[in-house]
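Undergrad: Structure below; questions to follow.
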Amino acid sequence: MKTAKSAHLWASAASVLLLSACSQSNMNYPETKKSEVQDSFFGTVVNDPYRWLENDTSAETADWVKRQNEFTYAYLDQIPYRKQLKERMTTLFNYEKFSAPFTEGEYTYYFKNDGLQNQSVLYREKAGQEPAVFLDPNKLSEDGTTSLGSLSFTEDGSLLGYAISKGGADWQEIHVMDANGNKLDDVITDVKFSGITWNGNEGFYYASYADKNGSKLSSQTFNHKLYYHKLGTPASADQLVFGDDANPERYVGAMLSENRRWLMITTAQSTSGNKLLYMDLNSADKAVQTLYGNYDAEHDPIVFKGDKLYLLSSLNAPKRRLLEIDMTNPAAENHKVLIAETENVLSVSHGANFLFAKYLKDALTQVIQYNYAGEKVREVALPGQGSAYGFSGKEHDSTLYFLFSSYITPTSVYAYNPETGENSLFRSPKLDFNPDLYESHQVFYTSKDGTKVPMMITHKKGLELNGKNPTMLYGYGGFNISLTPNFSTSVLPLLELGGVYAVANLRGGGEYGEEWHMAGTQLKKQNVFDDFIAAAEYLISEKYTTSGYLAISGGSNGGLLVGATMTQRPDLMRVAFPAVGVLDMLRYHTFTAGAGWATDYGTANDSKEMFDYLLAYSPVHNCKAGTKYPATMITTGDHDDRVVPAHSFKFAAALQEAQAGNAPCLIRIDVNAGHGAGKPTSMVIDEQSDKLAFMLWSMGLKKIP
Numbered sequence: 001m002k003t004a005k006s007a008h009l010w011a012s013a014a015s016v017l018l019l020s021a022c023s024q025s026n027m028n029y030p031e032t033k034k035s036e037v038q039d040s041f042f043g044t045v046v047n048d049p050y051r052w053l054e055n056d057t058s059a060e061t062a063d064w065v066k067r068q069n070e071f072t073y074a075y076l077d078q079i080p081y082r083k084q085l086k087e088r089m090t091t092l093f094n095y096e097k098f099s100a101p102f103t104e105g106e107y108t109y110y111f112k113n114d115g116l117q118n119q120s121v122l123y124r125e126k127a128g129q130e131p132a133v134f135l136d137p138n139k140l141s142e143d144g145t146t147s148l149g150s151l152s153f154t155e156d157g158s159l160l161g162y163a164i165s166k167g168g169a170d171w172q173e174i175h176v177m178d179a180n181g182n183k184l185d186d187v188i189t190d191v192k193f194s195g196i197t198w199n200g201n202e203g204f205y206y207a208s209y210a211d212k213n214g215s216k217l218s219s220q221t222f223n224h225k226l227y228y229h230k231l232g233t234p235a236s237a238d239q240l241v242f243g244d245d246a247n248p249e250r251y252v253g254a255m256l257s258e259n260r261r262w263l264m265i266t267t268a269q270s271t272s273g274n275k276l277l278y279m280d281l282n283s284a285d286k287a288v289q290t291l292y293g294n295y296d297a298e299h300d301p302i303v304f305k306g307d308k309l310y311l312l313s314s315l316n317a318p319k320r321r322l323l324e325i326d327m328t329n330p331a332a333e334n335h336k337v338l339i340a341e342t343e344n345v346l347s348v349s350h351g352a353n354f355l356f357a358k359y360l361k362d363a364l365t366q367v368i369q370y371n372y373a374g375e376k377v378r379e380v381a382l383p384g385q386g387s388a389y390g391f392s393g394k395e396h397d398s399t400l401y402f403l404f405s406s407y408i409t410p411t412s413v414y415a416y417n418p419e420t421g422e423n424s425l426f427r428s429p430k431l432d433f434n435p436d437l438y439e440s441h442q443v444f445y446t447s448k449d450g451t452k453v454p455m456m457i458t459h460k461k462g463l464e465l466n467g468k469n470p471t472m473l474y475g476y477g478g479f480n481i482s483l484t485p486n487f488s489t490s491v492l493p494l495l496e497l498g499g500v501y502a503v504a505n506l507r508g509g510g511e512y513g514e515e516w517h518m519a520g521t522q523l524k525k526q527n528v529f530d531d532f533i534a535a536a537e538y539l540i541s542e543k544y545t546t547s548g549y550l551a552i553s554g555g556s557n558g559g560l561l562v563g564a565t566m567t568q569r570p571d572l573m574r575v576a577f578p579a580v581g582v583l584d585m586l587r588y589h590t591f592t593a594g595a596g597w598a599t600d601y602g603t604a605n606d607s608k609e610m611f612d613y614l615l616a617y618s619p620v621h622n623c624k625a626g627t628k629y630p631a632t633m634i635t636t637g638d639h640d641d642r643v644v645p646a647h648s649f650k651f652a653a654a655l656q657e658a659q660a661g662n663a664p665c666l667i668r669i670d671v672n673a674g675h676g677a678g679k680p681t682s683m684v685i686d687e688q689s690d691k692l693a694f695m696l697w698s699m700g701l702k703k704i705p
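Going by our numbering, 633 is the number at position 633 of the sequence shown; the sequence numbering is gapless.
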């Protein structure tokens, strides 16, 4: 445990921050060659001198990665408190973490991490017996970089299908084991973007790409198809259930009713909207039929009760509603609205023979319990303002579980009695952090066009608003994804040092439904960057910080957010962290499944207007020579096959060439790591402590207590 003296020293760290940034010498970056490569779009010629870095299998690219990493780590090694921060980060991470329990067959299962295990372990127990390890992914690789993906039990709990990912890649393998822990011979390789849908105990449905040409980590993937694997047969004999070569950019997925009659098939061509098809497996021809035949809305099957499907839909309801559909009479005029659309975005779970409507109200969770007649039972009392996940289980379960957290509330597990509405704390983590010393509150600020945008701000109680607090501003703003309050151990050292952590709920996200999402897409994407800039300006105007003490951070689409913001307003922040970012907006759609992001971004080939718009903010193309850019540490993984690391490589090269100031522009490339999912705890600790050390050093912190 931390002593009272050390706690005081950490709390007073802000007092040693200097007013000016530490002096940096001019950086002698590793050489990056330039080649003569050009593209023409609607008569405009665009140079792409770092195209060669897109070749992820070349020795030349590997050498560049090695030299850049050596340079970055040599720079980080000079920070005197880097090791100290890592030690503190390690201490904070070292506590038991639990998932919500779930029942399968005779057992209750849950994931547990002892504290510093690279991957969480699947345990199980039943009444009168001690918990036992059932599946430990830490034993699947020596360095902890093999992780679990999809997990699916048969209805009777006797078989488990599970997917594993190696090195953080999206490509997975599906394995099968029985309830005694014995592995079956069935192994499906080269699976991507797939669930595991059991057909009784006989076999399962899964999805994968038919065409896998070129590099598995960067080449485009086409023709996602649905297959059926019968246990005990070779994968080469798997049956093609749905899919063809006429729709190369289509994604597919499946759900099977409990009575094994209705196979629901979802198809999508982007990250927004899907068609919903179905097969009556009791029919003679098992023909594929259409329930919803366009991509204009989301259609998400939730659960079956006999032949009745409960479907979450945004069709004519942009904030979503729940429909009841009798699949024996599925005409649209027979669809019944069970839970109507409200002013707040709806998601739905089920368990214990009830439905749970989970609403986002200004990015905070509200839960209302319904029966299957669509009658409200009660509003569920939550432990506070924050995020609640769960309220799902088997229909015969008598207890359901949910997770609750906020930016200062460690994620805890609660047991919920669906008959009485009472909940109780089931498991609470014990870590070296006192939430009572901190506060987290929501503000609404005004963006450039007058739009009100919510933001959560977290810091130590009694924080002095003097403009000198080191502040991390985080955002995402895309793909209908909502940022809700979640506890992050990696943020705690910054808070302990008297810093501020702010999360802005930008347009492009899903916090207020489809209208909010669409207001940050394609020719309106600049709204997202304007919202983020306005968030920074709010923090400065309210004296939480100043530009000299502000860092901005985001990953994936959030990496694009950071890249665009720092190239448009390099004066606004001292430090920038674009992580696994989409940074070349003219070519993003030419890699892996990137074409599916066009609904949010548009592509440079769509029209001259779209090309001009993308070119105007594409971070790779907007690094301007003679500009003083903030201290930047780009982060990526060499196995990222979602947003390929070439985005980050090219941005780093362009930024290093353009930088006119003394602030460093570095790239930190994890080996055997992907887009982020399944990253080992050890890698997370290393990366997060390096980022905090870089941030504080760039802001002028010479030492920490």
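Just so it is clear, CB atoms sit at the ideal spot from N, CA and C, and this is done for glycine as well. On a predicted model such as this, the values are computed, not experimentally measured, just so you know.
1) Using the Cα positions of Asn371 and Thr399, report the straight-line distance between them to the nearest angstrom.
2) Can the beta-carbon of Val252 be found less than 7 angstroms from the beta-carbon of Ala210?
3) Would the beta-carbon of Leu539 fall within 7 angstroms of that of Thr458?
4) From which residue to which residue does the beta strand (DSSP E) around Gly708 run?
5) Under three-state DSSP, which class holds Trp697?
6) Is it buried or exposed, Ala502, if we count other Cβ atoms within 10 angstroms and call 16 or more buried?
7) Quick test of the definition: if touching needs 3 or more C-beta pairs under 8 angstroms, does the region 432-446 touch the region 517-524?
8) Tell me where the beta strand (DSSP E) around Phe433 begins and ends.
9) CB-CB under 6 angstroms to Asn47, same chain, minus the five flanking residues each way: which ones, in chain order?
10) So what does DSSP say about Met758, is it helix, strand or coil?
11) Less than 7 angstroms separating the beta-carbons of Ser682 and Asn118?
12) Checking 7 angstroms against the spacing of the C-beta atoms, do Tyr389 and Asn469 come in under that value?
13) Measure the alpha-carbon distance for Trp597 versus Glu464 and round it to whole angstroms.
14) Whose C-alpha, out of Arg642, His335, Phe694 and Ala331, is nearest the C-alpha of Ala663?
15) Among all the DSSP beta bridges, which residues are the ones paired with Thr636?
16) What is the DSSP secondary structure of Ile196, reduced to helix, strand or coil?
17) DSSP three-state call for Lys703: helix, strand or coil?
18) Measuring alpha carbon to alpha carbon, tell me which residue in Thr197, Ile481, Gly273 and Pro435 is nearest Leu495.
19) Which residue marks the beginning of the beta strand (DSSP E) containing Val575, and which one marks its end?
20) Please list, in chain order, all residues of the same chain as Ala14 whose beta carbon is under 8 angstroms from its beta carbon, the five residues on each side excluded.
21) Taking C-beta to C-beta, are Leu338 and Val348 nearer than 7 angstroms?
22) Looking only at its chain, what residues have a beta carbon closer than 7 angstroms to the beta carbon of Leu76, apart from the 5 residues adjacent to it on each side?
23) Look up Gln24 in the DSSP assignment and say whether it is helix, strand or coil.
24) Taking the alpha-carbon of Lys642 as reference, which of Gln220, Lys126, Thr61 and Glu515 has the nearest alpha-carbon?
25) Work out the CA separation of Asp449 and Arg124 for me, nearest whole Å.
26) Given Ile685, which residues of its chain have a CB within under 7 angstroms of its CB, disregarding the five upstream and five downstream residues?
27) Among the residues of its own chain, which have a CB less than 8 angstroms from the CB of Asp307, if the five just before and after it don't count?
28) Count the other CB atoms within 10 Å of the CB of Lys33; is the residue buried (16 or more) or exposed (fewer)?
29) Measure the Cβ-Cβ separation of Phe98 and Arg569 and say whether it is below 7 angstroms.
30) Rounded to a whole number of angstroms, what is the C-alpha to C-alpha distance between Leu473 and Ser547?
31) What number of angstroms, rounded off, separates the C-alpha of Ser698 from the C-alpha of Arg574?
32) Suppose you measure from the CA of Gly478 to the CA of Asn28; what does that come to, to the nearest Å?
33) Below 7 angstroms between beta carbons: does that hold for Thr409 and Leu403?
34) Going by other Cβ atoms of all chains shown within 10 Å of its Cβ, with 16 needed for buried, is Tyr438 buried or exposed?
35) Where does Ser25 land, buried or exposed, given buried means 16+ other C-beta within 10 angstroms?
36) Leaving aside the five residues before and after Ser35 along the sequence, list all residues of the same chain whose C-beta is less than 7 angstroms from its C-beta, in chain order.
TA: The relevant details are as follows:
1) For this step, residue 371 is matched to residue 371 along the sequence shown. For this step, residue 399 is matched to residue 399 along the sequence shown. If you take the alpha carbons of Asn371 and Thr399, they lie about 16 angstroms apart.
2) Locating residue 252 in the sequence shown gives position 252, where the first residue counts as 1. Locating residue 210 in the sequence shown gives position 210, where the first residue counts as 1. No, Cβ-Cβ distance for Val252 and Ala210 is not below 7 angstroms.
3) Residue numbering aside, residue 539 sits at position 539 when the sequence shown is read from its first letter. Residue numbering aside, residue 458 sits at position 458 when the sequence shown is read from its first letter. Contact flag unset, no.
4) It is not possible to answer for residue 708, since the shown part of the chain is limited to 1 through 705.
5) On the sequence shown, residue 697 is found 697 positions in, with the first residue counted as 1. The answer is helix: DSSP assigns Trp697 an H, G or I state.
6) What you label residue 502 is simply residue 502 of the sequence shown in a count that begins at 1. Ala502 should be labelled buried.
7) no
8) Within the sequence shown, numbered from 1, the residue matching residue 433 stands at position 433. Careful: Phe433 lies outside any beta strand (DSSP E) and carries neither H nor E.
9) Position 47 of the sequence shown holds residue 47. Within the same chain, Asn47 has close Cβ partners Gln38.
10) This structure cannot speak to residue 758, because the chain is shown only from 1 to 705.
11) Numbered from its first residue, the sequence shown carries residue 682 at position 682. Numbered from its first residue, the sequence shown carries residue 118 at position 118. Between Ser682 and Asn118, the CB-CB gap stays under 7 angstroms.
12) By 1-based counting over the sequence shown, the position of residue 389 is 389. By 1-based counting over the sequence shown, the position of residue 469 is 469. Taking 7 angstroms as the Cβ cut-off, Tyr389 and Asn469 do not qualify as a contacting pair.
13) In the sequence shown, residue 597 corresponds to position 597, counting from 1. In the sequence shown, residue 464 corresponds to position 464, counting from 1. For Trp597 and Glu464, the distance between alpha carbons rounds to 42 angstroms.
14) For the purposes of this step, residue 663 is taken as the residue at position 663 of the sequence shown. The option with the nearest alpha carbon to Ala663 is Phe694.
15) Residue numbering aside, residue 636 sits at position 636 when the sequence shown is read from its first letter. Answer is Ile669.
16) The residue you call residue 196 lines up with position 196 of the sequence shown. In the three-state reduction of the DSSP assignment, Ile196 falls in the coil class, being assigned neither a helical nor a strand state.
17) The count along the sequence shown starts at 1 and reaches residue 703 at position 703. Lys703: coil per DSSP, three-state reduction.
18) The residue you call residue 495 lines up with position 495 of the sequence shown. Answer by Cα proximity: Pro435.
19) If you number the sequence shown from 1, residue 575 lands on position 575. Val575 -> beta strand (DSSP E) spans Val575 to Ala579.
20) Position 14 of the sequence shown, counted from the start, is the residue given in the question as residue 14. Here Ala14 scores only 40 on pLDDT, less than 50, and its place in the model should not be relied on; the value that follows carries that caveat. Counting only Cβ-Cβ distances below 8 angstroms, and skipping sequence neighbours, we find Lys468, Asn469, Pro470, Leu497, Gly498 and Gly499.
21) What you label residue 338 is simply residue 338 of the sequence shown in a count that begins at 1. What you label residue 348 is simply residue 348 of the sequence shown in a count that begins at 1. In this structure, Val348 does not lie closer than 7 angstroms to Leu338 by Cβ.
22) The residue you call residue 76 lines up with position 76 of the sequence shown. The residues are Arg82, Asp690, Ala693 and Phe694.
23) Counted from its first residue, the sequence shown places residue 24 at position 24. Note on Gln24: pLDDT 39, under 50, position unreliable in the model; no value is reported.
24) In the sequence shown, the residue the question calls residue 642 occupies position 642. It should be pointed out that residue 642 corresponds to Arg in this sequence rather than to Lys. Checking every option, the nearest Cα to that of Arg642 belongs to Gln220.
25) As a working note, residue 124 is residue 124 in the sequence shown. As a working note, residue 449 is residue 449 in the sequence shown. When rounded, the distance between both Cα atoms is 53 angstroms.
26) Here residue 685 is taken as the residue at index 685 of the sequence shown, counted from 1. Excluding the 5 residues flanking it on each side, Ile685 has same chain C-beta neighbours closer than 7 angstroms at Lys86, Met89, Thr90 and Phe93, in chain order.
27) What you label residue 307 is simply residue 307 of the sequence shown in a count that begins at 1. Excluding sequence positions up to five before and after Asp307, its CB lies within less than 8 angstroms of the CB of Ser257, Asn259, Arg261, Trp262, Asp326, Met327 and Thr328, all in the same chain and listed in chain order.
28) For this step, residue 33 is matched to residue 33 along the sequence shown. Classification for Lys33: exposed.
29) For this step, residue 98 is matched to residue 98 along the sequence shown. For this step, residue 569 is matched to residue 569 along the sequence shown. For Phe98 and Arg569, no; Cβs fall outside 7 angstroms.
30) Within the sequence shown, the letter at position 473 stands for residue 473. Within the sequence shown, the letter at position 547 stands for residue 547. Using only the alpha carbons, I get a separation of about 12 angstroms.
31) The residue you call residue 698 lines up with position 698 of the sequence shown. The residue you call residue 574 lines up with position 574 of the sequence shown. Taking the straight line from one Cα to the other gives about 7 angstroms.
32) Within the sequence shown, numbered from 1, the residue matching residue 478 stands at position 478. Within the sequence shown, numbered from 1, the residue matching residue 28 stands at position 28. Cα to Cα, Gly478 sits roughly 36 angstroms from Asn28.
33) By 1-based counting over the sequence shown, the position of residue 409 is 409. By 1-based counting over the sequence shown, the position of residue 403 is 403. For Thr409 and Leu403, no; Cβs fall outside 7 angstroms.
34) Reading the sequence shown from its first residue, position 438 is the one you call residue 438. Buried.
35) The residue given as residue 25 occupies position 25 in the sequence shown. Unreliable placement is indicated for Ser25, whose pLDDT of 40 sits below 50; the coordinate value is still reported in the next sentence. Exposed is the call here.
36) Here residue 35 is taken as the residue at index 35 of the sequence shown, counted from 1. Hits under 7 angstroms: Pro49, Arg51 and Trp52.
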